[in-house]
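K.L.:
In UniProt numbering, the protein residues as written are 1 to 126.
From the three backbone atoms N, C-alpha and C, an ideal C-beta is built for every residue, glycine too.
Below is a structure I'd like to ask you about.
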């Protein structure tokens, strides 16, 4: 899974998309590559697990400043029965430094393992 911009060898130069899911480097004009998608994936994972939009209490305009400054969604929103592996994956994927975010070829096996572990249990806590 690679971003379209990376696949085409290009670089995004303008903000396009929804601020609540954008990586910090997008707001400061950094490189747009797979690591941006990994960050966005973490925000989607947060939304699925917590059933809330990341930074939903903030105006879209201010979200970019918060994210660029290192703010992340409140982990208190994560249900206590959420598997630790998914919590850790989410935190790793939203790292401020893109180099610290895992690649998708490491993310997918973790998810596959978790889905097997969750057999018989709802994927999203009730």
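Check this for me: beta carbons of residue 43 and residue 94, under 8 Å apart or not?
P.N.:
Looking up residue 43 in the chain shown gives position 43. Looking up residue 94 in the chain shown gives position 94. Residue 94 is positioned such that its CB atom lies closer than 8 Å to that of residue 43.
K.L.:
Any chance you could list the alpha helix (DSSP H) runs of at least 4 consecutive residues sitting entirely within the region 11-51, in chain order?
P.N.:
Counting only runs of 4 or more, we get 24-27 and 34-50.
K.L.:
Distance check for residue 73 and residue 55, CA to CA, integer angstroms please.
P.N.:
Taking the chain shown and counting its residues from 1, one reaches residue 55 at position 55. Taking the chain shown and counting its residues from 1, one reaches residue 73 at position 73. Going by the C-alpha atoms only, they are around 6 Å apart.
K.L.:
For residue 63, which residues of its own chain have a beta-carbon under 7 Å away from its beta-carbon, when the five flanking residues on both sides are left out?
P.N.:
Sequence index remark: in the chain shown, residue 63 carries index 63 (1-based). Within the same chain, residue 63 has close Cβ partners 19, 20 and 55.
K.L.:
Can you tell me the Cα-Cα spacing of residue 15 and residue 39, whole angstroms?
P.N.:
Residue numbering aside, residue 15 sits at position 15 when the chain shown is read from its first letter. Residue numbering aside, residue 39 sits at position 39 when the chain shown is read from its first letter. Reliability fails at residue 15, whose pLDDT of 48 lies under 50, so the model's placement of it is uncertain and no value is given.
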